[in-house]
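Numbering-wise, the first sequence is residues 170 to 787 according to my numbering. Structure, as structure tokens:
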Amino acid sequence: MVTCQVYNLREKTMFQKEQQLIEDKIKDFATANDVALAELKWQPIPFSGEWGFATSFFQTAANEAKLGKGEKAPVPQKAQAIAEQVRAQIGSVEGISHIEAVKGYLNVYFKTSDYARRVVDEVLNAGTEFGRGQKKSETVMVEYAQPNTLHSFHIGHARNTILGEALARLVEFAGYKTIRASYPGDLGLGVITVLWIYERFYKGQEPAGVHERGQWLAKLYVEATALLEKKEVETAEETAKREEYDAERREVYHKWDAGDADVRELWRVTREWSLEELREILKMLDVKMDVWFYESEVDEPSKAIVDELIAKDIATDERPEGGAVIVKIDEKLGLTKEKYRTNVILRRDGTTLYLTKDLALAKEKFEKYHVDRSIYVVDVRQSMHLQQAFAILKLWGFPQAEKCYHLGYGFVSLPEGAMSARRGRVVLFKDVADEAVKRVLSVEAEKSADIPANEREKIASQIGLGALVYSMLSVDNNKDIVFDINEALAFDGRTGPYIQNAYVRANSILKRADTQTFKRSNVQTFNYELTKHEIELIEQISRFPQTVEQAANEYRPMVMAAYAYDLANSFHSFYHAVNVLQTDNENTKNARLRLVSAAKQTIENALRLLGIQAPDVM
RNA sequence: GCUCUCGUAGCUCAGUGGAUUAGAGCGCUUGCUUGCGGAGCAAGAGGUCGCAGGUUCGAAUCCUGCCGGGAGCACCA
């Protein structure tokens with residue numbers, strides 16, 4: 170496998186020996202001079218225009234000061250003095266170009282040409298695998314895309330799905346076995362409400378297109394809510410009508426519950442209409458689910474769990490007193506301060522709740538899919554609910570409960586307030602995606618006359634969705650988003666298209682170059698004075714593997730989104746300052762072409778992890 | 001009442017103990033076309049990092065309190 174050849178550029182291999190050697194020399198120095206040396210932490214050198222590793226002596230100087238040793242001087246000065254002494258002690262080291270003591274830091278510099286060549290070679294050898302983490306033993310499940318059926322997919326669902334998919338890609342690329350799971354809500358009063366109005370007023374009137382039909386169902390829901398909701402002022406006649414409708418709806422619910430064949434069939438068919446639309450949208454976002462869980466499929470199993478929890482004295486059955494089945498979570502955990510509180514796991518009428526079903530779902534994840542770590546990408550407002558679920562799983566005895574993690578993200582609202590499916594106050598993802606394509610096409614009409622008409626639509630979709638996806642991923646998880654279509658579909662500055670454009674430019678250079686020459690060129694490259702733009706670009710490229718690791722470990726796609734921009738930014742600057750194809754020296758030109766190729770590859774890998782396509786032209 | 005979360009430039013956001021002047025985008029100002037794609041590049045203006053204490057050699061970053069915004073807290077999902 171390719172993965173085992175990939176290593177972290179920063180931390181390991183090539184310069185590990187040198188680092189160890191210098192570390193030993195520092196320790197020898199400390200012992201010989203009786204210096205209270207603090208732990209050595211190495212980091213890359215910032216602002217230098219060269220590469221290497223550095224460590225500071227602030228903590229050591231502080232230790233010395235506390236012991237009252239040496240001259241009385243501010244810590245930074247003492248640190249600088251120690252750094253200078255250490256530097257004098259070390260002398261020269263094989264493979265290291267020079268060592269400096271600056272502002273309390275010891276800076277150890279690599280030979281520029283060696284380092285540059287190594288980074289570029291590594292990227293070109295690994296290709297699409299560049300940055301992949303070492304294979305891990307844990308299996309991770311990421312659960313996202315949990316819209317309710319018979320509603321339509323809006324931009325809030327889009328944030329959830331985009332975030333979940335990026336996270337899944339990151340975790341997978343970091344080396345974990347990753348399972349993607351969707352959990353549509355296909356049960357409950359909302360679903361029944363649509364069944365009722367469909368049968369009552371609209372049977373057989375559904376439009377043909379997949380999206381049209383999905384959106385039509387959402388409109389029925391709005392209309393039904395208006396018919397069924399008590400108004401502030403209503404006549405006796407209106408009240409009677411409303412109560413009649415509500416009785417009919419209850420009847421539909423009863424029939425569904427009792428397993429009435431007609432109602433079940435209607436439920437099955439309409440549910441499928443919604444799922445068809447969902448699958449279309451996931452396809453647009455290039456999401457391939459591994460597992461589909463449905464609320465309706467965990468409903469029955471969850472009832473058995475209630476009995477088990479009562480038997481184990483985790484749950485309290487208050488039904489004999491006319492109550493529900495509850496779990497006094499804090500009490501059972503022995504907590505004195507209220508934290509998880511008490512919640513209901515079975516209604517007094519014996520029907521299950523959201524929490525009950527999540528318990529059954531978790532059991533399924535653990536036992537059937539052998540999940541070690543379970544990530545729930547769910548709106549932050551459900552934080553309490555999920556903490557309760559995890560706490561009950563722990564009481565129940567699942568060790569995996571410790572590795573359940575709620576990735577709560579801020580909700581998406583509109584300038585006029587929260588979205589509401591009931592009132593139809595939503596911005597549909599499909600509408601935004603269509604608008605995105607429209608806007609890109611109009612830009613292309615003036616800027617990209619050379620692109621054939623039959624390719625434009627596809628590229629427009631890649632760029633339009635790239636803009637939307639990037640706008641969702643470039644803010645951190647916990648931030649709320651007030652959706653503004655002009656911001657979401659901006660093409661200038663810190664946006665998806667900006668990054669895609671860097672990729673297109675790199676591609677354009679490579680297309681024009683005689684690609685055979687640079688691929689055949691020998692490894693004696695970068696033996697010339699690199700410009701600061703080349704140095705900065707190589708620096709950014711080299712950071713990709715550690716960025717993958719950080720973004721995956723912290724469950725933060727934003728980290729990768731920020732990186733992708735910084736990388737593209739470095740490339741744009743390089744592109745402007747260095748004309749690759751007009752480079753006179755053949756060797757330098759080949760080196761630069763290899764660098765362009767490495768940059769293109771790294772941008773491609775970064776965009777891929779974000780779920781954004783990289784078009785060859787735009 | 002309890003819990004969570006946020007408060008950094010006009011706006012939207014990064015940075016969450018250690019290095020040059022706290023960064024970026026948008027907006028504003030100014031440059032860049034006989035040069036690999038201008039969806040770009042270069043530069044300028046713009047900041048008491050909510051307030052007050054504390055810990056530390058060192059705090060936007062950690063702790064405490066306060067102020068201000070948002071969210072959640074028993075039979076919805």
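By construction, the Cβ of each residue, glycine as well, lies at the ideal position given by its N, Cα and C atoms.
Run through DSSP, which three-state label would arginine 448 get? For the purposes of this step, residue 448 is taken as the residue at position 279 of the first sequence. In this structure, arginine 448 counts as helix in the three-state DSSP scheme.
Identity of the residues DSSP links to threonine 511 by a beta bridge: Taking the first sequence and counting its residues from 1, the one referred to as residue 511 is at position 342. According to DSSP, threonine 511 bridges with Lys497.
In three-state DSSP terms, what is lysine 181? The residue labelled residue 181 in the question sits at position 12 within the first sequence. Any reading at lysine 181 needs caution, since the residue's pLDDT is 45, under 50, leaving its predicted position unreliable; the model's value is listed next. Three-state result, lysine 181: coil.
Does DSSP put alanine 484 in a helix, a strand or coil? Position 315 of the first sequence, counted from the first residue, corresponds to residue 484. Coil at alanine 484, not helix or strand.
Classify aspartate 653 as helix, strand or coil using the three-state DSSP reduction. Mapped onto the first sequence, residue 653 falls at position 484. Under the three-state reduction of DSSP output, aspartate 653 falls in the coil class, being neither helix nor strand.
Where do the N-terminal and C-terminal ends of the beta strand (DSSP E) with leucine 576 fall, by residue? As a position in the first sequence, residue 576 is number 407, starting the count at 1. For leucine 576, the uninterrupted beta strand (DSSP E) segment begins and ends at 573–578.
Taking 8 Å as the threshold, find out whether the stretch 533–549 comes into contact with the stretch 583–600 through three or more Cβ pairs. By the C-beta criterion, the stretch 533–549 is judged not to be in contact with the stretch 583–600, since fewer than 3 inter-stretch pairs fall below 8 Å.
Considering glycine 221, what are the terminal residues of the alpha helix (DSSP H) in which it resides? Locating residue 221 in the first sequence gives position 52, counting from the first residue. According to the DSSP assignment, glycine 221 belongs to no alpha helix (DSSP H) but to the beta strand (DSSP E) extending over 221–225.
Short check: CB of glutamate 187 to CB of valine 255, under 8 Å? What you label residue 187 is simply residue 18 of the first sequence in a count that begins at 1. What you label residue 255 is simply residue 86 of the first sequence in a count that begins at 1. Result no, Cβ atoms of glutamate 187 and valine 255 do not sit closer than 8 Å.
Measure the beta-carbon distance from valine 311 to isoleucine 628 and round it to whole angstroms, keeping in mind my assumption that it falls under 8 Å. What you label residue 311 is simply residue 142 of the first sequence in a count that begins at 1. What you label residue 628 is simply residue 459 of the first sequence in a count that begins at 1. A Cβ-Cβ distance of about 29 Å is found for the pair valine 311 and isoleucine 628, leaving them out of contact under the 8 Å criterion.
If contacts are defined as beta-carbon pairs under 8 Å, then isoleucine 387 and serine 306 qualify, I think. What distance do you get, rounded to the angstrom? As a position in the first sequence, residue 387 is number 218, starting the count at 1. As a position in the first sequence, residue 306 is number 137, starting the count at 1. Note on identity: in this sequence residue 387 is alanine, with isoleucine being the wrong assignment. So it is not a contact: roughly 43 Å between Cβ atoms.
Determine the closest residue to lysine 769 out of Ala671, Glu604, Asn232, with distance taken between C-alpha atoms. The count along the first sequence starts at 1 and reaches residue 769 at position 600. Looking at the Cα atoms, Ala671 is the closest of the given residues.
Cα-Cα, which of Thr281, Gln228, Gln709 is closest to glutamate 698? The residue you call residue 698 lines up with position 529 of the first sequence. Minimum Cα distance to glutamate 698 is reached at Thr281.
Endpoints, alpha helix (DSSP H) assigned at leucine 552: Numbered from its first residue, the first sequence carries residue 552 at position 383. Note on residue identity: the sequence assigns serine, not leucine, to residue 552. Following the DSSP letters along the chain, one finds serine 552 inside the alpha helix (DSSP H) bounded by residues 552–565.
Beta-carbon proximity list for lysine 501, same chain, < 7 Å, skipping 5 on both sides: To locate residue 501, count along the first sequence from 1; it is residue 332. Within the same chain, and ignoring the five residues on either side of lysine 501 in sequence, the residues whose Cβ sits closer than 7 Å to its Cβ are Ile483, Leu564.
Does the contact criterion of 3 or more C-beta pairs under 8 Å hold for the stretch 290–297 versus the stretch 230–239? The answer is no - the stretch 230–239 does not touch the stretch 290–297, with fewer than three Cβ pairs under 8 Å.
Within the same chain, show all residues whose beta-carbon is closer than 7 Å to that of valine 340, passing over the 5 residues directly before and after it, in chain order. Against the first sequence, residue 340 aligns to sequence position 171. Cβ within range, chain order: Val309, Val311, Thr347, Ala721.
Can you tell me whether DSSP reads proline 245 as helix, strand or coil? On the first sequence, position 76 is the one that residue 245 refers to. Proline 245 carries a helical assignment under DSSP once its states are collapsed to helix, strand and coil.
Say the cut is 7 Å; is the CB of alanine 605 nearer than that to a heavy atom of the ligand NAP? Annotation note on the ligand NAP: not contained in the displayed structure, which lists no ligands.
In three-state terms, what does DSSP make of glutamine 813? In the structure as shown, the chain starts at 170 and stops at 787, and residue 813 therefore has no counterpart that could be examined.
Excluding the 5 residues flanking leucine 706 on each side, which residues of the same chain have their C-beta closer than 7 Å to its C-beta? If you number the first sequence from 1, residue 706 lands on position 537. Annotation for leucine 706: Ser739, Phe740, Phe743, Leu764, Ala768 place their beta carbon closer than 7 Å to its own, counting only its chain and skipping 5 residues before and after.
Compute the distance between the beta-carbons of glycine 273 and alanine 242, then report whether it is under 8 Å. Within the first sequence, numbered from 1, the residue matching residue 273 stands at position 104. Within the first sequence, numbered from 1, the residue matching residue 242 stands at position 73. Taking 8 Å as the Cβ cut-off, glycine 273 and alanine 242 do not qualify as a contacting pair.
Top-ranked residue by Cα proximity to glutamine 719, from Pro245, Leu336, Asp283, Asp429: Taking the first residue of the first sequence as 1, we reach residue 719 at position 550. Closest by alpha carbon: Leu336.
Isoleucine 772 and alanine 659 closer than 8 Å at C-beta: To locate residue 772, count along the first sequence from 1; it is residue 603. To locate residue 659, count along the first sequence from 1; it is residue 490. No, the pair does not count as a contact, with Cβ atoms beyond the cut-off.
Alpha-carbon spacing of glutamate 701 relative to phenylalanine 216, whole angstroms: On the first sequence, position 532 is the one that residue 701 refers to. On the first sequence, position 47 is the one that residue 216 refers to. First, the amino acid is wrong: residue 701 is lysine here, not glutamate. Taking the straight line joining both Cα atoms gives about 11 Å.
By alpha-carbon positions, which one of Ala416, Tyr284, Val244 ends up nearest to glutamate 703? In the first sequence, residue 703 corresponds to position 534, counting from 1. Closest in C-alpha terms to glutamate 703, from the list Ala416, Tyr284, Val244, comes Tyr284.
Going straight from the alpha carbon of arginine 440 to that of tyrosine 463, what length do you get? Here residue 440 corresponds to residue number 271 of the first sequence, with the count starting at 1. Here residue 463 corresponds to residue number 294 of the first sequence, with the count starting at 1. For arginine 440 and tyrosine 463, the gap between their C-alpha atoms comes out near 11 Å.
On the DSSP letters alone, give me the boundaries of the beta strand (DSSP E) that glutamate 585 sits inside. Working through the first sequence from its first residue, we reach residue 585 at position 416. Looking at the DSSP string, glutamate 585 is not in any beta strand (DSSP E), and its letter there is neither H nor E.
From the DSSP output, read off the bridge partner residues of phenylalanine 279. Locating residue 279 in the first sequence gives position 110, where the first residue counts as 1. Note: phenylalanine 279 sits in a beta bridge opposite Ile265.
Using DSSP's beta-bridge definition, name the partner residues of threonine 521. Residue 521 sits at position 352 when you count from the first residue of the first sequence. Here threonine 521 is bridged, per DSSP, to Leu515.
On the criterion of 16 or more Cβ atoms from any shown chain inside 10 Å, does valine 651 qualify as buried, or is it exposed? Looking up residue 651 in the first sequence gives position 482. Under this definition valine 651 is an exposed residue.
Just checking, does the stretch 630–637 make contact with the stretch 600–616 on the three C-beta pairs under 8 Å criterion? Enough Cβ pairs lie closer than 8 Å, so yes.
Within its chain, find whatever has a CB closer than 7 Å to the CB of glutamate 517; leave out the 5 residues flanking it on each side and keep chain order. As a first step, residue 517 must be located in the first sequence, where it is residue number 348. First, the amino acid is wrong: residue 517 is arginine here, not glutamate. The beta carbon of arginine 517 sits closer than 7 Å to those of Arg488, Gly491, Gly492, Ala493, all from its chain and outside the five residues before and after it, given in chain order.
With H, G and I counted as helix, E and B as strand and the rest as coil, what does DSSP make of leucine 597? Walking along the first sequence from the start, residue 597 turns up at place 428. Here leucine 597 sits in strand by DSSP.
With a cut-off of 8 Å, do at least 3 Cβ pairs link the stretch 367–375 to the stretch 558–574? Flag = no, the stretch 367–375 and the stretch 558–574 do not touch.
Length of the line joining the Cα atoms of glutamate 192 and leucine 209: The residue labelled residue 192 in the question sits at position 23 within the first sequence. The residue labelled residue 209 in the question sits at position 40 within the first sequence. C-alpha separation (whole angstroms): 8 Å.
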